[in-house]
Amino acid sequence: MSFLFDKKIEHENLCEAAIREGRSAEAVFHAAKAGDFCLALAKQSDGTIAERYLQVGESWLDIAERLQTSPLPSVSSGSDKPASRTSQSPIATASLRGTPIDDSEFQIAEIPDVSFDDIAGMEVAKEAIFDMIVHPMREPEKARALKLKPGGGVLLYGPPGTGKTMFGKAIAHEIDAPFFYASGAQIRSKWHGESEQRLSRLIQSAREKPVAVLFLDEVDGLLPRRASGSSVVDNRIVTQFLADIGGFRDSENILLLLGATNKPWEIDEAVFRTGRFDEKIYIGPPDAGARRGLLEIHLAGVPLEDDFNFEKWAMRLEGYTGSDIVGLVHDAKRSALRRSVFGQSDPAVKQIDLEQALTTIPSSVTDKMLGQYERFQQQRFGA
Ligand code: ADP
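To convert, note that position 258 of the sequence shown is 305 in this note's numbering; the numbers rise steadily by one, no gaps.
Laid out in structure tokens, this is it:
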């Protein structure tokens, strides 16, 4: 729960910062993420709290919609007063219905600036991506000789905060490709009631680029199981998606389709059956080596106490996700700063700061959750 709550706050803050600086595409991304996290919190809560999260979540999704249809004026053209969600703001006054969607808004960064070097662990996933797209693109003649076309579809599944989104961005960086992002909730927004067209347009936009990475977050929300009670809309979206994505192997452009989900068991069967995602890769909590890598990446260049023991901490943080570890390190740095300010000493992160952080930040992954993934793997792949 605290992980979801922290992520909600993080995206709300990032959205507000992006709004202030007139960065529409990022604001859309963070508003949609804030909305998604609120909806996830609503699912885990009851009664009035659940209702409240639902309302807040819907209003964030609403903001994402409004920002998409009515991008913010660039900061240089306006006053330096921050944009806000008042009746005067461009967000609140935007008309939602019937406005064409600017597909370029789905693209959050031309080429992201995170690389594989910023990602700890994930060796299996990195190797699969090298085989599928990086090697064929870097050595096109060798790939042609073997009749291998770069690109394809990969489903990344596993607990939240394990670095799936970051990995998608790093792939785009490695192959110098634009990164297109959309979350299930964003595409299925109730405001337009035309999710399948929005998804089609997103896929078309990515296909218009010679090379592109298309990241569909929360595929479970976009392509949910066609349970007996599922709506006609659900079925239409799945069908349309399968149609749109079906032809990309034969097309001229190179497209890497990445789907990400924390709940693979809720995805429509047809998505697996028809092989749109050739590879399904489990991204679990980091192993000891990756945990050490995470600590080293996030403490690089930071003053530490002399006998700071990375090995010990890598072992100690078993069960923590990448995102948890980033949060712990951040918390430890804050304690170090506080000590340095009040004690008028040089700042340095000590192991005691991490100990302290551990008392307030629990691991966001439980054995029960991991068990669910294991059962899914058994049932789906017999692994
Ligand atoms: P997911 O998409 O699986 O929910 P994210 O990619 O949003 O997870 O991860 C959240 C943050 O956690 C990242 O921005 C990054 O700072 C950190 N993180 C998670 N896993 C890793 C990793 N393996 N290496 C480096 N950073 C990581």
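Just so you know, even glycine gets a beta-carbon here, dropped at the ideal spot from N, CA and C.
Ranking A229, R235 and D267 by CA distance to the CA of A253 puts A229 first.
For T308, the uninterrupted beta strand (DSSP E) segment begins and ends at I301 to T308. Assignment of alpha helix (DSSP H) within the segment 201-280, counting only whole runs of 4 or more residues, yields 211-221, 231-234, 242-254 and 266-269 in chain order. Looking at the DSSP output, E326 bridges to V201. If you check the CB distance, A224 and V260 come in under 8 Å. The way I'd put it, the segment 400-415 does touch the segment 204-217; three or more beta-carbon pairs between them come closer than 8 Å. Residues of the same chain with a CB within less than 8 Å of the CB of F324, apart from the 5 flanking positions on each side, are G200, V201, L202, L304, G306 and V318 in chain order. Two segments are said to touch when three or more pairs of C-beta atoms, one from each, lie closer than 8 Å; by this definition the segment 372-388 does not touch the segment 63-70. At least one heavy atom of the ligand ADP lies closer than 7 Å to the C-beta of D165.
Contact between V285 and L270 holds, since their C-beta atoms are separated by about 5 Å, short of 8 Å.
In the same chain as P187, and ignoring 5 residues on each side of it, no C-beta atom comes closer than 6 Å to its own. The three-state reading of DSSP puts L51 in helix, counting H, G and I together. The shortest CA-to-CA distance from L341 to any of A172, H377, F423 and Q244 is the one to H377. Assigned with DSSP and collapsed to three states, V318 falls in helix. In the DSSP assignment, M169 falls outside any alpha helix (DSSP H) and carries neither an H nor an E.
Burial is judged here by how many other beta carbons sit within 10 angstroms of a residue's own beta carbon; E358 has fewer than 16 and is exposed.
Going by beta carbons, G268 and R235 fall inside the 8 Å limit. In the DSSP assignment, S382 falls within the unbroken alpha helix (DSSP H) covering G369 to G390. In this structure, L351 lies away from A404, with their beta-carbon atoms at least 8 Å apart. Within the DSSP secondary-structure output, L351 pairs in a beta bridge with V396. The alpha carbon of D109 has as its nearest neighbour, out of F76, N60, L417 and H220, the alpha carbon of F76. For F76, the enclosing alpha helix (DSSP H) stretches over residues S71 to Q91. About 5 Å separates the CB atoms of I218 and I176; that is less than 8 Å, so the two are in contact.
Under the three-state reduction of DSSP, G366 is assigned to coil, being neither helix nor strand. In this chain, D164 is not harboured by any alpha helix (DSSP H), its DSSP state being neither H nor E. As the crow flies, the alpha-carbon of Q391 is around 55 Å from that of K256. At a cut-off of 7 Å, the beta-carbon of K196 does not count as near the ligand ADP: no heavy atom of the ligand is closer than that. According to the DSSP assignment, K189 belongs to the alpha helix (DSSP H) that extends over P187 to A192. Leaving aside the five residues that flank D291 on each side, the residues in its chain whose CB is nearer than 6 Å to its CB run, in chain order, S247 and I250.
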